[in-house]
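Trainee: For the sequence shown, the numbering used here begins at 12 and goes up steadily by one. Just so you know, even glycine gets a beta-carbon here, dropped at the ideal spot from N, CA and C. Here it is, the structure, as structure tokens.
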Amino acid sequence: MLSFWMKEGDDWRLLSITNDPVNTKEAATMQLGEWAEAHMMPYQADPGATADPPVASKAELVDTGERFKDWRWTAAEVEKPFVQVAEFHYGSNSRLFFCDSETCSVSEGQLWTTMNTWTLRVWTLKDGKLSIGPGVDFQH
């Protein structure tokens, strides 16, 4: 089980929770720990300004000419390096993809076909700040 929380003032807000094996296997949690060390820990003592940071664009499904289409977005307009999380949520489950500054797509072939409504949101993490782009709902 893996959960993501954000502190807002004195309160904590649950962003996402997943037990998806893609996100809970050792390699994924190691990568997440490395990103937290590089992009969060250095900024914990001084949270800085609270202005709303830029967000990634709303994702769109793009035909690639291949078997599966790609979900693509434009990264937030922030100085590199930064990291992104593509959060695909359906029902009570989520599948998260951890992307670097250059990766702005996820193949729909990496999602389960559930014949239900999914929501995709892209998180941007830079200098200890988290922004979440607009969500898009789709059937898959």
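Tell me which same chain residues have a C-beta within less than 6 Å of the C-beta of residue 116, skipping the five on either side of it?
Mentor: The residues are 81 and 83.
Trainee: How far does the beta strand (DSSP E) with residue 94 in it extend, from its first residue to its last?
Mentor: Segment 94–101, the beta strand (DSSP E) holding residue 94.
Trainee: By Cβ distance, which residues of its chain are closer than 6 Å to residue 155, with the 5 residues on each side in sequence left out?
Mentor: This structure does not reach residue 155, given that the chain is present from 12 up to 151, and the question cannot be answered.
Trainee: Can you give me the Cβ contacts of residue 69 inside the same chain, cut-off strictly under 6 Å, excluding the 5 residues immediately before and after it?
Mentor: So the qualifying residues of the chain are 145 and 147.
Trainee: I'd like the list of long-range same chain contacts for residue 108, defined as Cβ closer than 6 Å, with 5 residues on each side in sequence excluded.
Mentor: If we look at residue 108 and ignore the five residues flanking it on each side, its Cβ neighbours are 97 and 117.
Trainee: Going by DSSP, which residues form a beta bridge with residue 106?
Mentor: Paired residue(s): 99.
Trainee: List the endpoints of the continuous beta strand (DSSP E) containing residue 117.
Mentor: Counting along the chain, the beta strand (DSSP E) containing residue 117 begins and ends at 116–118.
Trainee: Does the Cβ of residue 152 have 16 or more other Cβ atoms within 10 Å, making it buried, or fewer, making it exposed?
Mentor: What is shown of the chain runs 12 to 151, which leaves residue 152 out entirely.
Trainee: Could you check which residue in 16, 25, 12 and 31 has the C-alpha nearest to that of residue 123?
Mentor: Closest by alpha carbon: 31.
Trainee: For residue 152, which option in 37, 66 and 24 has the closest C-alpha, if you only look at C-alpha atoms?
Mentor: Since the first residue shown for the chain is 12 and the last is 151, residue 152 is missing from the structure and cannot be characterised.
Trainee: Could you tell me which of 12, 34, 140 and 120 sits nearest to residue 74, measuring between CA atoms?
Mentor: Looking at the Cα atoms, 120 is the closest of the given residues.
Trainee: Can you list, in chain order, the residues of its chain whose CB lies under 6 Å from that of residue 137, leaving out five sequence neighbours each side?
Mentor: The answer, listed in chain order, is 89 and 93.
Trainee: Of the residues 25, 42, 72 and 103, which one's Cα is nearest the Cα of residue 95?
Mentor: It is 42.
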